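Single-structure report; data block below.
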Amino acid sequence: MHCSRQLWILGVWTIFFFLIHKVHCSLPSPQNVTIASFNLEHKLTWTPGPGTAAFTHFRVQSYNQKRKHWNLLKSCSDLQIGESCDLTESFKETFGLYQARVQAFDQDQESNWTTSKFFTPLLDTTLGPPLVSLTGCGNCLILKLSPPAILDFYQDYTISVSRTRDKAQFVMKASSGETLINYLEPGVEYCITATAVTSFKNLAIPSEPQCAYTSSQPLNTVGIFLSVLCAVFLLVLLLCTCLIYSGKLGNLHTPPQQALMSFLLLLERSLRPKLLNLTGTQTRKKKKSSVFRPSSDLLLIGIMISTLIITILICFVSVLTAEVPMPQNLRIKSENLGLILEWDPPQTSSGKDFRYTAEYKSWNVFNAVCVNVSSSSCDFTSEVTAYGKYKFRVQTELNGKSSAWMEIDCEPLETITVIGAPDVKLQSRRGNMEVDITEPVLRKSSLKDVYTNIKYEIRYWTEENRKEVKLVDQRRVMLLELLPDTRYCMEVEIIMGYIKNSLPSNITCEMNTASDEVASWLIAVVLFVSFLVTLISVLLISMTVWFGYRGIRFLHPRAKIPEHFKQYLTERPSSAMLLAMQNSTQPKEPYHEISIITTEEVPPESTQKEHSQPT
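Numbering (mature numbering (1 follows the signal peptide of the UniProt record, and there is no 0)), first residue to last: -25 to -1, 1 to 590.
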C-alpha cells in the first residue's frame, strides 16, 4: 500500500512537470486568422503571436463541414512570416462550409492551432467591378458590360449615370452585354459607374467612372473664320494705304486701272533692285530712262504679290495647324511584377510645359490612369494582372492641344518582369550547413500565386573553387557531407519552371563547424560498457541490501528469548560447585603412552618358496 501511494505521487508530479513544460516551451499561437476573398479567390492571412522568432514557420490545414476532416495543405505547409496561403483550390464548392487553421512551428517546438471563422465562398466573397465600355452615339450612349471571367453567373447591374457639367444623376438597371442609354443631351459628357447586383449580402465594388460624349464635339470654325477674315482685311488695308501714298487713289479723274497700274509700277521700282541685285547707280539710270515694259513687269509684280499672299497664308495655316510633338522612346519597365510605363519628352521640349496622359487597354476600351501629369512615367501596377496582355499609349498636351497617341504592346507580366534576387542566410549546425532562402517581395501577389514548379538552385563552393550545384524545391535546406572547419560560399537563384529565372543573390560565406557525429562502433562500446556497469551496480546494490538485511535480522532476530533464560543468563551463579570450578586452577592429569602392536600372519610354505626363487 505504501509503494502504490508513492507511485501515485510520482505520477502526479510527472504530469505536473509535463504541463509546465508545455506551457513554457510551446511557441506563441498565430493571431488574427482571417479568410479574405475577392472574386472567389480566397486567401488566408494571419499575424504572428507576440514573441515569435524570425525563423518561425507556419502550416495551414483546411476543414470541410461535409467531410469532417482536417487536411494539411501541401502548398502552405512551410510558410514564413509575412506570407499568406491561397485557399482557392481547396474551397472549390461555392456553397460549401469551410474553416482554416494555422500553427507555428520550428525544429523543436510547435504552437497551438488558431482557427478561423466558418466561411462560405459564394456568400462571403467580395465582388469586384465589372468590365465597362462606353461610346457616344448622338443623343445616346452605348454601354457594354461584362463580369470578370470567374464571376460569369452575375448578370445584373445597377448603373449610375451622371452628367459632368452639372452633376445631374439618375440610376437604371442593366444586364451583361450591350445596353443603349437614350434621350441624353447631345454633345455633353456623361460618366457612368456599374455595380453588380446579387441576391446575397455580398460586398460589391463599383467600377471606376467611365466617361464619354454623347456625340463628337463640333469643330470650332468661328475662330478660324475670324482669323482668315482679319488676314484678308489687313491685306486690303495695306493695298489701300499704298495707293493713297502714291497719290493715285485720291485723284477722282484717274481711272481705277491707271491708279492700280501706277501702284504696281511704284511697287516694282522699289522692290526690283533687291530682286535683281542691281546697284544704286543702275537703279537711278533706269529711273531717268523711265522705260516701262508692261508685259514682263506686270508678270514679275504678280508673282511677288502672289508669293506674299501665299507666304501669309502658309504662316497662318501653320500657326493654326501646328501639331504638338509626340513623346519619344516609349518603353515598359517591370520589376517584381510591377509595371511602369516610361517615355522621353519631345526633342523640342526646352522651355515648354508639356503634360502627358497615359492609358491602357485590357478589353476593348482604353482606360486613363495618369491624366495631365508632368512626369515622364506612369505606374500601372494596380491596374493590370500578371497574365493579361495589354496595350499602352501616351500623348503630349500643350496649351489645350494634344499630340497623336504613341502606342506600345505589352506581353504578360509573368514573362517580361524581372524577379529580384532572393535573400540567403547561412547557419552551420554540427558539421552541416543550413540554408534559409527568403523570396523577394513582389508588388503583386507572391511567387507561389503566379508561378508553378518553383525551384531554388544553390551553388556552393570552398576557397579551392570546387563549385557544386544543388536543385531543391524548398526554401530551407540542410546541406550534408560538407568538409568540417571549412569556409563555404553560396549563391542562390530562383528557377520558375521554363519561364524565367530570378536575379542571383549576393554571395554569402560561412565557416562550417566541426561535426560532432559519433562513430557507430563507439556508440556500441559505450552502450555495452554502460550495460555492464549498470548490471554490476545492480548486483552490488542487491547484495548489499541482502547482507544488510541478514545482518539486521541476526542482530535483531524476530524470536524472543524466554524470560527465565534471560534471568538465568543475567544473574550471578550461586552454586558452590560452580563457584569452586570458576575459582580453582586447572588440575594436572597424569598420562602414560601406550603402544598397540598387532600380530602378523605367517604365510604358507609354498608362498614363501615362490618368493624366495629368483626371477
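Glycine included, each C-beta is placed from N, C-alpha and C at the ideal position. Computed from a predicted structure; not experimentally measured.
For residue i, the first and last residue of its enclosing beta strand (DSSP E)
| i | result |
| --- | --- |
| I569 | Where I569 is concerned, there is no enclosing beta strand (DSSP E), given that its DSSP letter is neither H nor E. |
| W436 | I429 to T437 |
| Q542 | Element bounds for Q542: not the beta strand (DSSP E) but the alpha helix (DSSP H), E538 to T545. |
| V425 | Segment L422 to V425 is the alpha helix (DSSP H) holding V425; no beta strand (DSSP E) there. |
| L316 | I315 to D319 |
| L446 | E443 to V447 |
| L401 | D398 to R404 |
| I10 | Q6 to F13 |
| K308 | Q303 to K308 |
| N339 | Counting along the chain, N339 falls outside any beta strand (DSSP E), and DSSP gives it neither H nor E. |
| Q36 | H32 to N39 |
| L47 | H44 to L47 |
| V467 | T461 to M471 |
| T20 | E16 to T22 |
For residue i, three-class secondary structure by DSSP
| i | result |
| --- | --- |
| F355 | coil |
| V172 | coil |
| E389 | helix |
| V513 | helix |
| D384 | strand |
| S505 | helix |
| V416 | coil |
| residue 592 | The structure shown does not extend to residue 592, since the chain is modelled only from -25 through 590, so no value can be given for it. |
| T63 | coil |
| R525 | helix |
| C112 | coil |
| A187 | strand |
| A179 | strand |
| T133 | strand |
| A149 | strand |
| L102 | strand |
| V452 | strand |
| T574 | coil |
| L54 | strand |
| V520 | helix |
| V107 | strand |
| I498 | helix |
Beta-carbon proximity check, residue i vs residue j, cutoff 9 Å
| i | j | result |
| --- | --- | --- |
| F70 | L97 | yes |
| L446 | E432 | yes |
| T483 | V399 | yes |
| I394 | N481 | no |
| Y335 | F341 | yes |
| T360 | K419 | yes |
| residue 637 | E382 | No information on residue 637 is available, as it lies outside the stretch -25 to 590 that the chain covers here. |
| P41 | L72 | Note that residue 41 is Lys in the sequence shown here, rather than Pro. A contact, by the Cβ cut-off of 9 Å. |
| G26 | P3 | yes |
| M408 | E317 | no |
| Y362 | D384 | no |
| T90 | R76 | yes |
| E358 | V346 | no |
| T488 | D460 | yes |
| S350 | M301 | no |
| residue 629 | L48 | Outside the shown range of the chain (-25 to 590) lies residue 629, about which nothing can therefore be said. |
For residue i: DSSP bridge partner residues
| i | result |
| --- | --- |
| T154 | L118 |
| Y365 | C385 |
| T90 | R76 |
| K376 | L373 |
| V348 | Y331 |
| V163 | Beta-bridge pairing links V163 to no other residue. |
| C484 | C464 |
| D411 | K400 and R451 |
| residue 645 | Missing from the structure shown is residue 645; the chain here goes from -25 to 590 and no further. |
| E85 | F80 |
| K475 | M471 |
First through last residue of the alpha helix (DSSP H) which encompasses residue i
| i | result |
| --- | --- |
| L98 | P96 to D99 |
Open item on the list: Would the region 75 to 93 count as touching the region 104 to 121 if we require 3 or more Cβ pairs under 8 Å?
Closed with: no
Task: At least three beta-carbon pairs within less than 8 Å, the region 149 to 159 to the region 181 to 188 - done: no
Open item on the list: Could you check whether the region 133 to 146 touches the region 159 to 174, counting it as contact only if at least three pairs of C-beta atoms, one from each stretch, sit closer than 8 Å?
Closed with: yes
Open item on the list: Could you check whether the region 508 to 527 touches the region 460 to 474, counting it as contact only if at least three pairs of C-beta atoms, one from each stretch, sit closer than 8 Å?
Closed with: no
Open item on the list: Any contact between the region 500 to 509 and the region 423 to 431? By contact I mean 3 or more CB pairs, one from each, below 8 Å.
Closed with: no
- [ ] Decide yes or no for the touch test of the region 373 to 381 against the region 402 to 411: beta carbon pairs closer than 8 Å, at least 3 of them.
- [x] no
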